[in-house]
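*Asks:*
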Amino acid sequence: MEPRIWREMGLTDEEYERVVQLMGREPNELEVGIFGVMWSEHCSYKTSKPVLRRFPTEGPQVLQGPGENAGIVDIGDGLAVVFKMESHNHPSALEPYQGAATGVGGILRDVFTMGARPIAVLDPLRFGPLEEENTRRLVRGVVAGIGGYGNSIGIPTVAGDVYFHESYRGNPLVNAMAVGLLEHRHIAKGVASGVGNPVMVVGARTGRDGIHGATFASVELSEESEAKRSAVQVGDPFMEKLLMEACLELIQSGAIVGIQDMGAAGLTSSSCEMASRGNSGIEMDLSLVPRRETGMTPYEIMLSESQERMLVVPKAGREQEVEEVFHRWGLEAVVVGKVTADGMLRLLEEGKVVAEIPAKALTDEAPVYHRPTREPEYYARLKEQPLDGIKAAKPYGEILLDLLGSPNLASKSWVYRQYDHQVGTNTVVTPGGDAAVLRVRGTQKGLGMTTDCNARYVYLDPYVGGALAVVEAAQNLVCVGAKPLAITDCLNFGNPEKPEIFWQFEQACAGIAEACRVLETPVTGGNVSLYNETNGEAIYPTPTIGMVGLVENLEQVVRNRFAEPGEEIFLLGEVSGSLAGSEYLALFDGMEAGTLPPLDLKEIKQRLDFMLKLIVAGLVQSAHDVTEGGLAVALAEMAGKCGVRVSIALESAYELAELILLFGERLGRILFTVKPENAAKVQALAEQTGVLVTRLGETGGDTVAISVNGELKLEAAISECQRRSEETLPKALN
Amino acid sequence: MNIGIVRFPGSNCEVDVWEAWKVLGQVPKMLWHQETSVRGYDLIVLPGGFSYGDYLRTGAIARFSPIMEDVIRFAKEGGMVLGICNGFQILTECGLLPGALLRNRDLHFLCQPQYLRAERTDLAFTSLYQKGEVIQIPINHGEGNYAIDDAGLKELEENGQVVFRYVDASGEVNEAGNPNGSRHNIAGIVNREGNVLGMMPHPERVVEEIVGGTDGQRLFLSLVQAWERRMQYGA
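Protein chains in written order, with the working numbering: chain A, 1 to 734; chain B, 735 to 969.
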């Protein structure tokens with residue numbers, strides 16, 4: 001075989017040699033194509049595997065860790081929450097609407113193949129600068145695509161986050177997380193076992209769309225990418241809704257052994273992964289696969305990423321039941337093969353064998369690379385960059401308004417108003433809250449969920465920044481009254497073959513692992529998206545964390561707006577922050593530098609436990625974590641129905657002390673209000689527990705007013721704060 | 735009370751409507767779109783969603799489903815029919831209600847709380863609201879921009895067929911309170927006989943305080959009350 005062929009399929013010369021060795025012969029072109037896609041980074045995790053192994057994945061709450069279609073965590077009452085996050089970055093860069101829409105469709109399938117009914121979608125998004133027309137086009141397309149799919153299928157999109165930064169200019173990030181609920185007894189798995197059991201293809205017909213999408217996701221984007229537009233799939237939410245209802249009905253009927261979504265690499269990955277998990281083989285005749293186009297080759301059928309399809313292994317003799325369920329929903333279900341004992345993935349065309357590969361050679365035997373790492377040059381330089389010469393750019397009140405109106409901090413209501421966030425009528429805390437909360441019908445319980453990652457922190461210090469992404473997710477959950485349970489992640493990085501990028505990856509994952517250990521939120525699965533580069537420029541390292549938490553009693557849910565005037569406001573954690581990596585520094589000085597504040601995870605864990613205890617005791621009226629923009633921005637975000645006046649004592653004589661106090665950032669801090677009659681109790685509890693709590697002032701009035709050492713330093717009208725926050729996105733995008 | 739909720743492929747608010755009725759003490763039945771009779775029901779609800787994917791035009795294919803033929807008969811014989819969102823779109827497509835629902839003025843899908851003013855409270859659907867009362871019921875649609883020709887509009891207004899209008903927080907009918915560009919801020923209309931109501935806002939989303947409010951309750955309870963009266967005094 002000519003080297004050109006395997007190289008085009010994404011295999012290196014060494015990898016091709018490995019294929020020949022594993023096969024004991026020269027593979028044919030179809031087989032090379034199958035290896036090419038299964039050994040792509042997207043399917044094989046060949047680069048990231050050694051790093052991911054260091055994540056903590058166990059805990060008493062974990063029912064299913066990484067390795068399945070989605071993770072499963074127990075929430076009591078015989079119920080469990082199923083969740084997973086994935087990227088759809090490269091397709092969305094080319095076709096924002098379809099790329100984002102199929103991202104939602106794919107992650108929903110991962111959840112309902114486990115037997116869970118999806119209850120929510122979350123979407124972390126990253127784009128280039130909002131000022132640029134191309135960014136605007138992408139934002140409009142991606143948001144419409146997420147809405148177009150989620151709204152139609154009737155699953156609420158309840159949370160997410162949106163950041164703008166030039167590193168995402170050519171390579172936006174579109175991550176999607178889905179959360180589902182199931183009863184323990186209905187857990188389904190992607191496994192093919194039981195020799196002689198039939199193998200069925202169900203759902204939509206197979207077409208030529210999305211061929212080699214997984215390989216496409218594993219290379220950098222360039223001008224040539226435009227030419228690969230056919231690698232983007234097209235979604236049909238109506239079809240998926242039918243497929244979802246049919247699959248859930250089928251799983252509950254007990255007629256099946258295993259089921260798996262045909263996601264990246266379609267029929268190829270689903271068949272060999274199911275066989276491999278079941279220590280079995282699978283034999284399929286491709287001429288039996290229902291197609292929507294004529295003249296498709298076995299290669300095209302195996303590599304198609306047509307959406308809304310599943311591979312199902314029913315118990316022998318029950319295939320008719322499968323057909324009946326699917327026909328009732330107007331869908332096809334066709335037997336295409338059977339489970340075998342020999343561990344081979346054997347493909348036939350009209351009875352003639354066209355490919356024969358040991359299933360495990362495609363999965364477990366995929367190469368694993370231990371990539372070299374090198375600390376990038378920028379790391380020490382930016383860390384030590386002096387922040388001298390920084391001055392308050394404007395009066396503090398104006399700084400506050402500018403920050404509130406800056407694209408990263410501005411209200412995202414333009415985005416989430418386009419998402420149906422209420423269908424299902426379970427959404428207790430809607431978008432705009434610190435975390436979304438959905439009720440679990442039939443119980444007192446609720447599920448909190450959030451996605452977070454400040455990539456600027458991760459860029460400046462991947463270890464600390466990775467840990468902070470987990471911390472932010474946890475503190476968001478705690479602020480609504482949810483106990484953090486576990487995470488899924490979507491690790492978006494540049495080209496791992498560059499040692500500096502792999503260093504970022506390794507460091508960030510180490511930080512995530514440590515934070516998950518201390519905060520007791522194991523990793524239950526996720527997705528790695530590498531090669532996020534355009535013309536050689538990598539995105540900021542963006543390990544998005546999706547976290548799920550449990551609200552024991554929905555009555556205790558807390559919101560992030562002041563409930564009424566006359567409440568006392570407290571700050572949990574350090575009063576001041578740091579300008580390092582802050583939004584202030586980026587917005588006013590065009591600088592992204594400095595050493596992030598020291599991180600004490602154990603202390604943060606203690607604070608979060610304390611906060612949750614206060615909420616469960618019913619002592620908290622409102623709560624909000626202090627993140628980008630610092631204390632002043634967080635206070636302004638809590639103002640709505642009423643304002644706030646706070647008075648802070650500051651001992652430092654440092655000329656920037658005030659600026660840092662108002663706009664400096666440091667995670668692990670939470671603002672909360674209590675009724676006056678509970679203030680003394682809260683302070684006593686804080687002292688008892690040994691956590692840092694400072695009384696700042698009280699709610700009231702129609703401004704945000706901050707005094708330092710008795711002198712009024714900042715005052716802004718709530719109406720003006722809201723106007724500035726609300727106007728930015730509509731102005732740019734309508 | 736026998737309530738039937740029609741489930742088209744692609745409906746997605748049918749369970750929410752069912753749950754809302756359950757909260758208010760009624761247990762409706764789900765009717766599959768391929769069924770051919772709605773005899774014996776006291777109320778038929780056409781729920782929100784994207785029936786048949788809404789690929790051609792919202793509601794355009796649903797009107798041809800087997801069950802709709804009998805829903806039309808049922809409505810013409812005076813049976814109560816409530817169409818919410820996509821259900822409203824289907825009612826205009828099949829001619830039970832006049833006008834059409836076009837894409838929202840700014841072309842975006844909109845999911846948001848919405849102030850409405852109750853314009854008619856002498857109907858079986860709305861008797862528990864106060865005339866002119868401002869209530870909050872969320873909207874959730876991409877195509878809710880109510881359109882009708884001038885003559886039709888004049889007729890609607892003259893006959894008092896406008897049941898709900900979009901308003902601002904103070905209850906004023908104005909451009910600022912109109913989310914989607916609907917003519918005369920129309921959010922919901924009834925047929926001349928008063929037994930078929932179509933509305934874009936979703937009352938089923940606001941029957942419980944914990945998920946956003948209770949202003950939708952009285953629409954459902956009005957229907958129960960009307961039914962009880964009918965049972966008591968005969969139709």
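Note that CB positions come from ideal geometry on N, CA and C, so glycine has one too.
Since we're looking at a predicted model, the values are computed, not measured.
If you measure between the beta carbons of Y369 (chain A) and T703 (chain A), is that distance less than 8 Å?
*Replies:* Taking 8 Å as the Cβ cut-off, Y369 (chain A) and T703 (chain A) do not qualify as a contacting pair.
*Asks:* By how many angstroms is the C-alpha of V257 (chain A) removed from the C-alpha of E853 (chain B)?
*Replies:* Cα-Cα distance, rounded: 57 Å.
*Asks:* Need the endpoints of the beta strand (DSSP E) that C819 (chain B) sits in, please.
*Replies:* No beta strand (DSSP E) holds C819 (chain B); DSSP gives it neither H nor E.
*Asks:* In angstroms, rounded to a whole number, what distance separates the CA positions of F808 (chain B) and I301 (chain A)?
*Replies:* Cα to Cα, the separation comes out at about 49 Å.
*Asks:* If we count the other Cβ atoms within 10 Å of its Cβ and call it buried at 16 or more, is R229 (chain A) buried or exposed?
*Replies:* No answer about R229 (chain A) holds up, because its pLDDT of 47 lies below 50 and its placement is not dependable.
*Asks:* Could you check which residue in A:V191, A:S92, A:R4 has the C-alpha nearest to that of S270 (chain A)?
*Replies:* Nearest option by C-alpha distance: A:V191.
*Asks:* Using CA atoms only, rank isn't needed, just tell me which of A:T297, A:T699, A:G170, A:S304 is closest to L94 (chain A).
*Replies:* Out of A:T297, A:T699, A:G170, A:S304, A:G170 has the C-alpha closest to the C-alpha of L94 (chain A).
*Asks:* Compare the Cα-Cα distances from F493 (chain A) to each of A:S529, A:K602, A:P407 and report the closest residue.
*Replies:* Of the candidates A:S529, A:K602, A:P407, the one whose C-alpha sits nearest the C-alpha of F493 (chain A) is A:S529.
*Asks:* Going by the CB atoms, is the gap between L729 (chain A) and W414 (chain A) shorter than 8 Å?
*Replies:* It is a contact, given that the beta carbons lie within the stated cut-off.
*Asks:* Residues of chain B with CB closer than 8 Å to the CB of T427 (chain A), please, in chain order.
*Replies:* Result: V945, G946.
*Asks:* Mind checking M965 (chain B): buried by the 16 CB within 10 Å criterion, or exposed?
*Replies:* Burial call: exposed.
*Asks:* Looking at C-beta atoms only, is the number of pairs between the region 624-644 of chain A and the region 421-428 of chain A that lie closer than 8 Å three or more?
*Replies:* Because the criterion of three Cβ pairs below 8 Å is not met, the region 624-644 of chain A and the region 421-428 of chain A do not touch.
*Asks:* Please check if any C-beta of chain E sits within less than 8 Å of the C-beta of C819 (chain B).
*Replies:* Reference to chain E is not applicable here, since the protein chains of this structure are A and B.
*Asks:* Taking just the CA atoms, how far does A486 (chain A) sit from G521 (chain A)?
*Replies:* Checking the sequence, you will find Thr at residue 521 (chain A) rather than Gly. Cα-Cα distance, rounded: 4 Å.
*Asks:* Measure the CB-CB distance between V354 (chain A) and L348 (chain A) and report whether it falls below 8 Å.
*Replies:* Yes, Cβ-Cβ distance for V354 (chain A) and L348 (chain A) is below 8 Å.
*Asks:* When the distance is taken between beta carbons, is L957 (chain B) closer than 8 Å to I923 (chain B)?
*Replies:* No, these two residues do not count as a Cβ contact at 8 Å.
*Asks:* What do you reckon, are the CB atoms on A392 (chain A) and R54 (chain A) nearer than 8 Å?
*Replies:* Going by C-beta atoms, A392 (chain A) is not nearer than 8 Å to R54 (chain A).
*Asks:* Closest by CA to I251 (chain A), which one among A:K189, A:L477, A:L286, A:E293?
*Replies:* It is A:K189 whose Cα lies nearest to the Cα of I251 (chain A).
*Asks:* Mapping the DSSP letters down to three states, classify H624 (chain A) as helix, strand or coil.
*Replies:* In the structure shown, H624 (chain A) sits in a strand (DSSP, three-state: E or B).
*Asks:* Counting only C-beta atoms, is D434 (chain A) closer than 8 Å to chain B at any point?
*Replies:* Chain B, which has no Cβ nearer than 8 Å to the Cβ of D434 (chain A), makes this no.
*Asks:* Please specify which runs of the alpha helix (DSSP H), each continuous and at least 4 residues long, are wholly inside the region 281-369 of chain A, giving them in chain order.
*Replies:* Counting only runs of 4 or more, we get 298-303, 319-328, 359-362.
*Asks:* Whether or not the region 569-587 of chain A and the region 639-659 of chain A are in contact is what I'm after, with contact meaning three or more pairs of Cβ atoms, one per stretch, closer than 8 Å; do they touch?
*Replies:* The region 639-659 of chain A vs the region 569-587 of chain A: in contact.
*Asks:* Measuring only the C-alpha atoms, how far is L491 (chain A) from G67 (chain A)?
*Replies:* Computed Cα separation, rounded: 16 Å.
*Asks:* Roughly how many whole angstroms lie between the Cα atoms of N69 (chain A) and T524 (chain A)?
*Replies:* Using only the alpha carbons, I get a separation of about 10 Å.
*Asks:* Applying the 10 Å Cβ sphere with the 16-neighbour rule, what's the burial state of S745 (chain B)?
*Replies:* Label assigned to S745 (chain B): buried.
*Asks:* Report the three-state DSSP secondary structure of N171 (chain A) (helix, strand or coil).
*Replies:* Coil, per DSSP.
*Asks:* Just to confirm, are L404 (chain A) and R669 (chain A) a CB contact at a threshold of 8 Å?
*Replies:* Going by C-beta atoms, L404 (chain A) is not nearer than 8 Å to R669 (chain A).
*Asks:* Measure the CB-CB distance between C453 (chain A) and T544 (chain A) and report whether it falls below 8 Å.
*Replies:* Going by C-beta atoms, C453 (chain A) is nearer than 8 Å to T544 (chain A).
*Asks:* Taking I869 (chain B) as the reference, give the member of B:H936, B:P762, B:E909, B:D856 with the closest Cα.
*Replies:* I869 (chain B) has its Cα closest to that of B:H936, out of B:H936, B:P762, B:E909, B:D856.
*Asks:* For L11 (chain A), I'd like the list of residues in its chain whose CB is within less than 8 Å of its CB, leaving aside the five on either flank, ordered along the chain.
*Replies:* Within the same chain, L11 (chain A) has close Cβ partners V19, V32, F35, G36, W39.
*Asks:* Decide yes or no for the touch test of the region 891-901 of chain B against the region 918-933 of chain B: beta carbon pairs closer than 8 Å, at least 3 of them.
*Replies:* Result yes; three or more Cβ-Cβ pairs closer than 8 Å.
*Asks:* Can the beta-carbon of A178 (chain A) be found closer than 8 Å to that of L248 (chain A)?
*Replies:* Taking 8 Å as the Cβ cut-off, A178 (chain A) and L248 (chain A) do not qualify as a contacting pair.
*Asks:* Indicate whether the contact test is met: 3 or more Cβ pairs, each with one atom in the region 315-327 of chain A and one in the region 160-176 of chain A, closer than 8 Å.
*Replies:* Segments in contact, no.
*Asks:* If I follow the unbroken beta strand (DSSP E) through R126 (chain A), where does it start and stop?
*Replies:* Element bounds for R126 (chain A): 117-127.
*Asks:* Out of A:N560, A:A333, A:P598, A:F672, state which residue places its alpha-carbon closest to the alpha-carbon of M611 (chain A).
*Replies:* When only C-alpha atoms are compared, the closest one is A:F672.
*Asks:* Report the neighbours of Y419 (chain A) on chain B: residues whose CB is nearer than 7 Å to its CB, in chain order.
*Replies:* Neighbours of Y419 (chain A) on chain B, chain order: C845.
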